[in-house]
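Below: the structure, in structure tokens.
Numbering (our numbering), first residue to last: 1 to 149.
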């Protein structure tokens, strides 16, 4: 079966579509997760903690989670302002800025996101529901504003 990719560019030249299978040397301890982790890493949805390490038992940070959520759901948004503690050179800078613009995360009153802090299960649930609502995958009659407190 033949498939094609169509895109528009302003540059001339030769282009090619490449799929790079990404694997990590430390996934033997979690064989049940190996295929999922490799698939997500190959698609750029998750990043490793090193060149060939994933650190599957390490807890995830808020920045990592938002990065993965935005990438997995292919969400985009133009933004001009980000949180004060999310720096331009951070790999999750764009994802967190988009999440802020889309209302997935509101941060604190002092415009902080705390991207390096471990994320709580409740925050993962709230961020995920908000992202799914943007895509109209989840609709609810419940007032979710209580989750902001």
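Ideal Cβ placement from N, Cα and C applies to all residues, glycine included.
Suppose contacts are defined by Cβ-Cβ distances below 9 Å. Is residue i in contact with residue j by that definition?
i: residue 102; j: residue 72; result: no
i: residue 54; j: residue 75; result: no
i: residue 70; j: residue 125; result: no
i: residue 67; j: residue 81; result: no
i: residue 84; j: residue 112; result: yes
i: residue 57; j: residue 37; result: no
i: residue 10; j: residue 42; result: no
i: residue 24; j: residue 52; result: yes
Around the Cβ of residue i, are there at least 16 other Cβ atoms within 10 angstroms (buried) or fewer (exposed)?
i: residue 15; result: exposed
i: residue 96; result: buried
i: residue 105; result: buried
i: residue 115; result: buried
i: residue 100; result: buried
i: residue 33; result: exposed
i: residue 91; result: exposed
Please name the residue or residues paired with residue i in a DSSP beta bridge.
i: residue 118; result: 61
Let's see if you can read the secondary structure: which residues bound the alpha helix (DSSP H) around residue i?
i: residue 93; result: 93-102
i: residue 42; result: 34-42
Let me make sure I understand the geometry here. Which of the options has the alpha-carbon closest to that of residue i?
i: residue 121; options: 62, 107 and 79; result: 62
i: residue 59; options: 20, 119 and 138; result: 119
i: residue 64; options: 51, 86, 29 and 79; result: 86
i: residue 3; options: 40, 98 and 17; result: 17
i: residue 20; options: 139, 7, 44 and 35; result: 44
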